[in-house]
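Student: Chains as they are written, first to last, in my numbering: chain A, 5 to 338; chain B, 516 to 684; chain C, 1216 to 1480; chain D, 5 to 458.
C-beta atoms are modelled at their ideal positions from N, C-alpha and C, and glycine is treated no differently.
One structure coming up, written as structure tokens, with questions to follow.
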Amino acid sequence: MAIRRGRGVAAINYPTGMNLGGDPSQALVHSTPTGNFMVTLSSVDLGQGLKQVMAQICAETIGVPTEQVIIDTADTDTGPHCMGTFASRGTHRIGNAVVQAAREARQVMLEVAAEALEVNASDLETDGTGNIHVKGAPQKSISIFDTALTAHFKLGRSISGRGMFLVPRSYPEVETGAMKPSTCYAHACTVVDVEVDDETGEVTVVSVKNVFEIGRALNPKMVEQQLVGGSWMGISHALYETTEPYYPSREHGGTDFNEYLMPGPGDLADTEIIVLERPAADGPYGAKGPGEMCANPQIPAVANAVFDAVGVRIDMLPITPERILRALKEQRAA
Amino acid sequence: MGVAREEKRMAKVPIQFVLNGDEKAEFVESGSTLLKVLREKLGDTSPKGGCHQGTCGTCSVLVDGELRLSCLTLAETCEGASVTTTAGLAEGGVLHPLQRAFQEGFATQCGFCTPGMIMAAKALLDRVPNPTREEVVDAISGNICRCTGYEPIIRAILSAARSNSHHAA
Amino acid sequence: MPLALKTFATLNDADAALKAAGARYLGGGTLVVRAANEGDVSLTTFVRSTDPALFSISVEGGRATIGASVTMSTIARHPDLAAIAPAARAVGGPAIRNMATVGGNLFAPAPYGDFAVALLALDAEVLEGDQATPIDAFLKARDAAAGRIVSAVRFDVPEPKKFRFVKVARVKPKGVSVLSIAVLLDEASDGTIRAARIALGCMANRPMRAAAAEQALVGRQRTAEGIAPALAVAGEGTAPITDAIASAWYRAEVLPVHLGRLLLS
Amino acid sequence: MELRKNYFADERKDDLHEIGQSRPRSDAPGHVTGKTAYFADRTFPGLLHLKMVRSPHHHARIKGIDTSEALKHPGVVRVLTAKDIPHNLYTILILIQVGPEDEYVLAEDKVRWKGEAVVAVVAETERAAQEAVDKVKVDYEVLPAVFDMEEALKPGAPLVNEFHPGNFYLYDSGDHRKVRFGDIEKGFAEADHVLEQTYASSPIEQAPTETTGCVVMPEGNDRFTCHTNTQAMFFTLDNTSIILQMPGHKLHMVGGTVGGGFGGKVDVIVEPIAILAARLTGRPVSFIYGRYEEMQISSPRAAEKIIIKDGVMKDGRIVARKVTGYTDAGAYSRHSPYGAQKGAAHYPGPYTVPNVWIDTYCVYTNRTPSSAMRGFGVTIADFALEVQMDKLARLIGMDPLEFRFVNAYRDGDMKAHRQPTTGAALIECMQEASRAANWPVAEKYLQMSSYKGG
């Protein structure tokens, strides 16, 4: 029995948003009488934390703490259109719509505050904790609470805004394929260390070091959630998963979580995540979409590490113990 | 519709058990799973039906302190038992240490596995207050999470155990 | 037809009720409730018994009698059954172990039934009331036994160093078996193997003995050279299953590897 | 996780209050107390359950359907077949002009994959629905099926889907999407080495812990509220409107809190038939996939086959890259023509290659229709590309990481699809990986940058 160690690397990029664009999303923002802000969407939170991120984007743009923002989604009677949550588009597309709607609402809010303070709206700024003051003169201020009350009950103004974000659709040129698939790309490089049992073909992923460039980590802990879970899924894809284990035969497809294989809590690699930020020119606060690309680089990195360990190439996913063992037997026979 | 009414006249049996400290008495269709009774009769939707096969763990509850899959447990077999679900863990609005650890440790994403995970973890901590990582891994090994890669969940459970023992000390 | 559960105080009454069409015995529920949930409409009545004998464990004079409704976690925790605890712990995650029963495991089709593999190596007897059947014979004919109720299993509790068990799974720590192996060895003081019972899981649609390997071990030492002839014939008579976990080819290939590691461990 | 702020520091604003802060998730308290309401966490009095009769064959002609016994079954309220669906033929992306409509909500003349929906049974209980499903008789004439993409593209192969002659998706560019850049043959002729390799994958399931489903409530005003876990509310609303020939204002989708998607809930499968059932019965209807259906019936990530032929110089420069990619759509399009096209846009990867030739095909076979999944169109491409990069590096005796530095794209480099590179950061990711993993590379690579000319 021999456990053989190997290491592999892979580097990738990933487009943010629906390929070729043409995927709009909208947002509506309005304040309540006491200066809380409602963001109305028809966007879906799949668990990645879309609602939380949209609240932070709105809060930053308006100038209030995040807990003062409520996200109302997803109801097609009340929420304006959103193309959907897929293609790493949520943060970028919907976030941009929220920024636009929040800016419009902020402008009204500052105009109301300006009237109350008898200054020009362009001279005002927010402190991020719920107050508006004159630039350079923080003592001359009004709370957003009072501003909203003023807007509602004295001035009869709606502190609200509309946001719409659309990357225009690109149509590929028929003969050359000239096209604009995406406006920004996330990046990653992953190094994987594995141990391969050369008598059984079993692979243990010992460590994964992932470097991800995602534009801007709007909520770092939530980014970490996505990246750690994605890294696990990448390893899962590399070594375990398929609905058709004997493809192209349709036989023996898994029908439950016992038969559909994924790494269990006892199979976890030592995982390290490093994040770089190169803000996207058109991203909300520079953000790109990290949700999909984080599960991609581990797959080839594992494949390359397996080769490094035992000298066989498995060019068919998943890289099962059976495929490795068959290749090792061929290698020994040759 | 005559035949439909016929179907409705199926055998109902009385059942009594304690759910999260409250006495419950219901008439249920014989052969109903505990999951179905909890969700549809008693309105406790904290256990989820992720597979109804016993392979995902989202329906995990405690029956007399033992971890069980409510999708494979017939309600009638719980007669007189004490059933605990995640919905019953917070006392007086104060979260259980496990709930707090999952929340603070960013151990939830879509949240669908969370109630089952928390019950599996509680079954462990009730028995082993200071578990090793290996014991935690075993405790959640029947619960599938597709979002987190498990690591934040394992850490949250270990951290809840630490905060618990700190409390006791 | 709507489902129903019928509960009987005695095994005999439950046994009689099982004769009705659509009746299936409810042990831990991991097999039959799942079947009902997944639309097996041939199942109309769950039959169970609350007979205390089904839930009892007795260990006397080194011989254990375990009621058919005893769960895997009960066995895993029992102080007198520590030698076979690894096999009980090999079944599912904690919730499944709290539900899965000894009786159910005897009927679980491969790749399930790891505990039955251990029972086969231990030369257990399967009790149906007063009738005791050697487990080899029981497993061979178990399809015909599906309408009857197993009441208990009985076996000599092995000395820990004589009994070895391994479950090989892709997913850790609770994946379904690629294969499982249980070995009961009788070794002389000089290390010579006097007798061996080897049971295999997933190498057929139910647990089976590796008879040729057992014989090849007799008179040999537990060294790489000593066990080599046994490993060479380990697959004799097997018909491994092919499923989503692994192919028959793979199971056959790694059986000698894992048997060798288990014997030398 | 570590944030390395030393990279691109000049491009980032750090004077923000909420952005960049790890605020607690507002949904976490609901998750940990079990109070978060998913679509199925509601009870409706008088709820009916919908179960599907599915094809046991990979490819078969339907000669007859007899639902009479099922209709008589106790508890059955309604049985639906193709003729009950107002507009039975659909395709999801018709909304963005990606046609033709090529899939039946319920099978009409043929079934084209094992598991295809044929008859829907609506009953008082799940059990009654399941029993009635077993009583529906469908008379099939089994037809030859094709499962291998290359077999499917051969003349004389069984025709999977009549809307796709030749078993491929017809783009405006023909039977495949193409990208042409530079002169590929000149590139191969110049190269010191040429390496052609084939990569493949089998289908992968998104496997969210919550299965696909919906619960529909008929409102008193001839409107229908559909609690759904779709990933795209208006895909669902608009496609339902087309399929049921119902004005959109009669439809009300409620969702947004989903137990995992990963692309598996972008299709519009359960809602139209459940809404129809609610409309025809006047009662609330639930249609929720079992785990078996989620695993084998819902669309997986497509199987792919990718052939990469590269010309590489001894000094490490890739001078030509030709990629032929095949995406196995299964029996119907769903999102696969989009995914195959996304692949074409992704090649040749994050590298600057002067001569590129890309052909991507979307192929029909008699398997479960595939659709979106996390990394759609790119995940398997990256597997192929990055294993190929490893092979090329070893072929020329270069360190695999250094080889990637040599070819990495930088701002201003022209991509094969004729967009100049902007916002590149591959080099910096590799530099950081070199440090983090203690994978040494020559100093000159650590001095590189993604900036123009860097």
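For the beta strand (DSSP E) containing Ile1311 of chain C, name the first residue and the last one.
Tutor: Segment Pro1309 to Met1314 is the alpha helix (DSSP H) holding Ile1311 of chain C; no beta strand (DSSP E) there.
Student: In angstroms, rounded to a whole number, what distance separates the CA positions of Tyr342 of chain D and Asp27 of chain A?
Tutor: Roughly 13 Å between the two C-alpha positions.
Student: Considering only the alpha carbon of each residue, which of A:Ile16, A:Gly25 and A:Ile61 lies closest to His21 of chain D?
Tutor: Comparing Cα-Cα distances from His21 of chain D to each of A:Ile16, A:Gly25 and A:Ile61, the minimum goes to A:Ile61.
Student: Taking the alpha-carbon positions, what's the Arg8 of chain A to Glu206 of chain A distance?
Tutor: So the two alpha carbons sit approximately 11 Å from each other.
Student: Pick helix, strand or coil for His421 of chain D, following the three-state DSSP scheme.
Tutor: Coil, per DSSP.
Student: If contacts are defined as beta-carbon pairs under 8 Å, then Ala1397 of chain C and Ala1310 of chain C qualify, I think. What distance do you get, rounded to the angstrom?
Tutor: In fact, because the Cβ distance is near 24 Å, the residues do not count as touching under 8 Å.
Student: For Ala1305 of chain C and Asn1420 of chain C, which I take to be in contact (beta-carbon distance under 8 Å), what is that distance rounded to the nearest angstrom?
Tutor: At roughly 19 Å, the Cβ-Cβ gap does not stay under 8 Å, so Ala1305 of chain C and Asn1420 of chain C are not in contact.
Student: Check whether the Cβ atoms of Tyr413 of chain D and Leu396 of chain D lie closer than 8 Å to each other.
Tutor: Not closer than 8 Å, so no.
Student: Does the segment 543-558 of chain B come close enough to the segment 233-243 of chain A that 3 or more CB-CB pairs lie under 8 Å?
Tutor: Too few Cβ pairs lie closer than 8 Å, so no.
Student: What are the start and end residues of the alpha helix (DSSP H) that includes Thr194 of chain A?
Tutor: Run containing Thr194 of chain A: none in the alpha helix (DSSP H); it sits in the beta strand (DSSP E), Tyr189 to Asp201.
Student: Check whether the Cβ of Cys566 of chain B lies closer than 8 Å to any Cβ atom in chain A.
Tutor: With 8 Å as the cut-off, Cys566 of chain B counts as an interface residue toward chain A.
Student: Got a sec: is the Cβ-Cβ distance from Arg661 of chain B to anything in chain D below 8 Å?
Tutor: True, the Cβ-Cβ gap to chain D drops below 8 Å.
Student: Assign Ile246 of chain D to one of three DSSP states: helix, strand, or coil.
Tutor: The answer is helix: DSSP assigns Ile246 of chain D an H, G or I state.
Student: Check the Cβ-Cβ distances between Thr1457 of chain C and every residue of chain B, and say whether any is below 8 Å.
Tutor: So no, Thr1457 of chain C is outside the interface.
Student: Could you check whether Gly353 of chain D and Thr89 of chain A sit closer than 8 Å to each other, using their CB atoms as the reference points?
Tutor: Going by C-beta atoms, Thr89 of chain A is not nearer than 8 Å to Gly353 of chain D.
Student: For the candidate residues A:Asn262, A:Lys333, A:Asn214 and A:Met266, whose alpha-carbon lies nearest to that of Ala305 of chain A?
Tutor: Of A:Asn262, A:Lys333, A:Asn214 and A:Met266, the residue nearest in Cα terms is A:Asn214.
Student: Between the beta-carbon of Pro69 of chain A and the beta-carbon of Ala63 of chain A, is there less than 8 Å?
Tutor: Going by C-beta atoms, Pro69 of chain A is nearer than 8 Å to Ala63 of chain A.
Student: Under 8 Å between C-beta atoms, does Pro1373 of chain C make it to chain A?
Tutor: With 8 Å as the cut-off, Pro1373 of chain C does not count as an interface residue toward chain A.
Student: Have a look at B:Val598, B:Cys566 and B:Leu587 and flag the residue whose alpha-carbon is nearest the alpha-carbon of Gly580 of chain B.
Tutor: The shortest Cα separation from Gly580 of chain B among B:Val598, B:Cys566 and B:Leu587 belongs to B:Val598.
Student: In or out: Ser205 of chain D buried (at least 16 other Cβ within 10 Å) or exposed?
Tutor: By the neighbour-count rule (16 or more Cβ atoms within 10 Å), Ser205 of chain D is buried.
Student: Report the neighbours of Arg295 of chain D on chain B: residues whose CB is nearer than 8 Å to its CB, in chain order.
Tutor: Per Cβ cutoff of 8 Å: Gly565, Cys566, His567, Gln568, Thr570 and Cys571.
Student: Classify Leu54 of chain D as buried or exposed, calling it buried when 16 or more other Cβ atoms lie within 10 Å of its own Cβ.
Tutor: Leu54 of chain D comes out buried.
Student: Just the chain B side, please: which residues come within less than 7 Å of Thr40 of chain D by C-beta, in chain order?
Tutor: Residues of chain B passing the Cβ test: Gly626.
Student: What is the DSSP secondary structure of Trp236 of chain A, reduced to helix, strand or coil?
Tutor: DSSP places Trp236 of chain A in helix when its eight states are reduced to three.
Student: Listed from N- to C-terminal order along the chain, which residues in the segment 1221-1254 of chain C have their beta-carbon within a distance smaller than 7 Å of any beta-carbon of chain D?
Tutor: Answer in chain order: Glu1253 and Gly1254.
Student: Short of 8 Å in beta carbon distance, which residues of its chain neighbour Arg110 of chain A, apart from the five on each side in sequence? Order them along the chain.
Tutor: Closer than 8 Å at Cβ, skipping near neighbours: Thr65, Ile66, Gly67, Thr130 and Gly165.
Student: Spatial neighbours of Tyr173 of chain D within its chain, please: C-beta separation below 6 Å, excluding the five flanking residues on both sides.
Tutor: Closer than 6 Å at the Cβ level, and outside the excluded window around Tyr173 of chain D, lie Pro341 and Cys366.
Student: What residue range is occupied by the uninterrupted alpha helix (DSSP H) comprising Arg330 of chain A?
Tutor: Here the alpha helix (DSSP H) through Arg330 of chain A covers Pro325 to Ala337.
Student: Report the residue from A:Val57, A:Val103, A:Gly99 and A:Ser211 whose alpha carbon sits nearest the alpha carbon of Ala273 of chain A.
Tutor: Selected option, being the one with the closest Cα: A:Ser211.
Student: Out of D:Thr285, D:Ala211 and D:Glu73, which has the shortest C-alpha to C-alpha gap to Leu50 of chain A?
Tutor: Closest by alpha carbon: D:Ala211.
Student: Counting only beta-carbon separations shorter than 8 Å, does Gly631 of chain B have a partner in chain A?
Tutor: Chain A, which has no Cβ nearer than 8 Å to the Cβ of Gly631 of chain B, makes this no.
Student: Please state if the CB of Asn1252 of chain C and the CB of Gln568 of chain B are separated by a distance shorter than 8 Å.
Tutor: Yes, they are a contact pair.
Student: Within the segment 230-302 of chain A, note down every full beta strand (DSSP E) run reaching 3 residues or more, in order along the chain.
Tutor: Listed in chain order, the complete beta strand (DSSP E) runs (minimum 3 residues) inside the segment 230-302 of chain A are 274-280.
Student: If we ignore side chains and look at the alpha-carbon of each, how far apart do Arg1379 of chain C and Leu1394 of chain C end up?
Tutor: Rounded to whole angstroms, Arg1379 of chain C to Leu1394 of chain C spans 14 Å at the Cα level.
Student: Closest by CA to Met221 of chain D, which one among D:Gly286, D:Gly79, D:Lys182 and D:Gly191?
Tutor: Answer by Cα proximity: D:Gly286.
Student: Hey, could you find the ends of the alpha helix (DSSP H) Thr1289 of chain C is sitting in?
Tutor: Note, Thr1289 of chain C: alpha helix (DSSP H), Met1287 to Arg1292.
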